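S.K.: Numbering (this note's numbering), first residue to last: 3 to 191.
A virtual CB, placed ideally from N, CA and C, is assigned to each residue, including glycine.
Just so it is clear, the structure is predicted and the values come from calculations on it, not from any experiment.
Quick one: structure below, then a few questions.
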Amino acid sequence: MMEDLNFLPTPTLETKRLILRPLAMSDAEAILHYSQKPIFYQAMGRQTYSSASDIEEFIANILKKEPSFYWVVILRGKNCVIGDCGFCQFHKDARRAEICYAVDPVCWNHGYATEAAGRVIQFGFEEAGLDRIQAICSTGNSVSERVIQKSGMQFEGVLRHYIRHEDKPLDIKMYSILKQEWLERQTAL
Ligand SMILES: CC(C)(COP(=O)(O)OP(=O)(O)OC[C@H]1O[C@@H](n2cnc3c(N)ncnc32)[C@H](O)[C@@H]1OP(=O)(O)O)[C@@H](O)C(=O)NCCC(=O)NCCS
Numbered sequence: 003m004m005e006d007l008n009f010l011p012t013p014t015l016e017t018k019r020l021i022l023r024p025l026a027m028s029d030a031e032a033i034l035h036y037s038q039k040p041i042f043y044q045a046m047g048r049q050t051y052s053s054a055s056d057i058e059e060f061i062a063n064i065l066k067k068e069p070s071f072y073w074v075v076i077l078r079g080k081n082c083v084i085g086d087c088g089f090c091q092f093h094k095d096a097r098r099a100e101i102c103y104a105v106d107p108v109c110w111n112h113g114y115a116t117e118a119a120g121r122v123i124q125f126g127f128e129e130a131g132l133d134r135i136q137a138i139c140s141t142g143n144s145v146s147e148r149v150i151q152k153s154g155m156q157f158e159g160v161l162r163h164y165i166r167h168e169d170k171p172l173d174i175k176m177y178s179i180l181k182q183e184w185l186e187r188q189t190a191l
């Protein structure tokens with residue numbers, strides 16, 4: 003019989019430089035601030051949110067999930083949101099989740115996305131009972147792909163025409179890490 007997973011409320015997580023606070027509806031404005039920057043959605047290959055109501059819908063969808071493991075990323079010592087990270091999909095029965103992340107362009111290339119993702123992956127395996135964590139990126143999003151690779155994930159393949167954007171099909175790269183691989187990586191690091 004499968005062991006039941008009992009989830010506590012989403013905890014605040016910490017890393018050396020970051021605090022990951024559970025996402026709240028009041029974070030909509032901060033997320034809109036960075037996700038509306040052209041450089042942000044150009045890097046992503048598509049625009050995900052164009053208004054506060056798009057972000058509110060995204061947050062509402064995350065918050066109604068059970069469990070809802072999603073955080074805003076805050077720089078220690080500065081009370082400002084510089085990004086978001088968490089499980090945009092969580093399949094309890096399969097013990098599988100998909101990680102997503104974003105960082106304000108003014109803070110790019112300081113290792114923040116990798117640091118936040120690393121903590122969320124640790125939480126997923128150590129506390130949320132996951133066996134597999136996956137990540138996807140558009141074929142042109144080499145920065146996100148680099149974050150995924152630095153997180154120890156293995157490339158699984160290209161999912162052809164996996165999503166649509168502006169009525170055009172987009173290919174997506176799929177990566178994953180299994181709990182056993184993550185544990186081995188911890189001892190190797
Ligand atoms: C993807 C994203 C979260 C990365 O944030 P970040 O905090 O800058 O990431 P990190 O600093 O941890 O790592 C970035 C890595 O990409 C590398 N990089 C930067 N520009 C690059 C480029 N043009 N091509 C390839 N790699 C690049 C950096 O050198 C670094 O790797 P390194 O440590 O080996 O040098 C940020 O670019 C972002 O928010 N993009 C828009 C949203 C998005 O695409 N989210 C992912 C959805 S799949």
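Mind checking whether the beta-carbon of K152 lies closer than 7 Å to any heavy atom of ligand 1?
M.R.: As a first step, residue 152 is located in the sequence shown; it is residue number 150 there, counting from the start. Checking the Cβ of K152 against ligand 1 gives yes.
S.K.: Tell me the rounded alpha-carbon separation between R166 and Y36.
M.R.: The residue you call residue 166 lines up with position 164 of the sequence shown. The residue you call residue 36 lines up with position 34 of the sequence shown. Spanning the two alpha carbons is a distance of roughly 23 Å.
S.K.: Count the other CB atoms within 10 Å of the CB of M4; is the residue buried (16 or more) or exposed (fewer)?
M.R.: Here residue 4 refers to the residue found at position 2 when the sequence shown is read from its first residue. Per-residue confidence for M4 stands at a pLDDT of 49, beneath the threshold of 50, marking its modelled position as unreliable; no derived number is given.
S.K.: Considering only their Cβ atoms, is the gap separating L20 from E129 smaller than 8 Å?
M.R.: The residue labelled residue 129 in the question sits at position 127 within the sequence shown. The residue labelled residue 20 in the question sits at position 18 within the sequence shown. No, they are not a contact pair.
S.K.: CB-CB under 8 Å to V160, same chain, minus the five flanking residues each way: which ones, in chain order?
M.R.: Your numbering for residue 160 matches position 158 in the sequence shown. Taken in chain order, the residues that qualify are T141, D173, I174, K175, M176.
S.K.: If you draw a straight line from the C-alpha of T17 to the C-alpha of A137, how long is it?
M.R.: Within the sequence shown, numbered from 1, the residue matching residue 17 stands at position 15. Within the sequence shown, numbered from 1, the residue matching residue 137 stands at position 135. Cα to Cα, T17 sits roughly 21 Å from A137.
S.K.: Could you check what DSSP says for A26 in three-state terms: helix, strand or coil?
M.R.: Indexing the sequence shown from 1 puts residue 26 at position 24. Reduced to three states, the DSSP call for A26 is coil.
S.K.: Kindly list the residues whose CB is nearer than 8 Å to the CB of V145, restricted to its own chain and excluding five residues on each side of it in sequence; keep chain order.
M.R.: In the sequence shown, residue 145 corresponds to position 143, counting from 1. So the list reads A45, W110, once near-sequence residues are dropped.
S.K.: Go ahead and pull the three-state DSSP assignment for E117.
M.R.: As a first step, residue 117 must be located in the sequence shown, where it is residue number 115. Three-state result, E117: helix.
S.K.: A119 to T14, Cα distance in whole Å?
M.R.: Taking the first residue of the sequence shown as 1, we reach residue 119 at position 117. Taking the first residue of the sequence shown as 1, we reach residue 14 at position 12. If you take the alpha carbons of A119 and T14, they lie about 14 Å apart.
S.K.: To the nearest angstrom, report how far apart C90 and A115 are at their CA atoms.
M.R.: If you number the sequence shown from 1, residue 90 lands on position 88. If you number the sequence shown from 1, residue 115 lands on position 113. Taking the straight line joining both Cα atoms gives about 15 Å.
S.K.: In whole angstroms, what separates the C-alpha of T50 from that of I123?
M.R.: On the sequence shown, position 48 is the one that residue 50 refers to. On the sequence shown, position 121 is the one that residue 123 refers to. Taking the straight line joining both Cα atoms gives about 23 Å.
S.K.: Which ranges would you report for the alpha helix (DSSP H) in the stretch 54-78 if only whole runs of at least 4 residues count?
M.R.: Whole alpha helix (DSSP H) segments, 4+ residues: 54-66.
S.K.: Quick check on L132: does DSSP put it in helix, strand or coil?
M.R.: On the sequence shown, residue 132 is found 130 positions in, with the first residue counted as 1. It is coil, neither helix nor strand.
S.K.: I'd like to confirm the pairing. Which residues does DSSP put opposite H93 in its beta bridges?
M.R.: Working through the sequence shown from its first residue, we reach residue 93 at position 91. H93 is bridged to R98.
S.K.: Short of 6 Å in beta carbon distance, which residues of its chain neighbour R48, apart from the five on each side in sequence? Order them along the chain.
M.R.: For this step, residue 48 is matched to residue 46 along the sequence shown. Around R48: H167.
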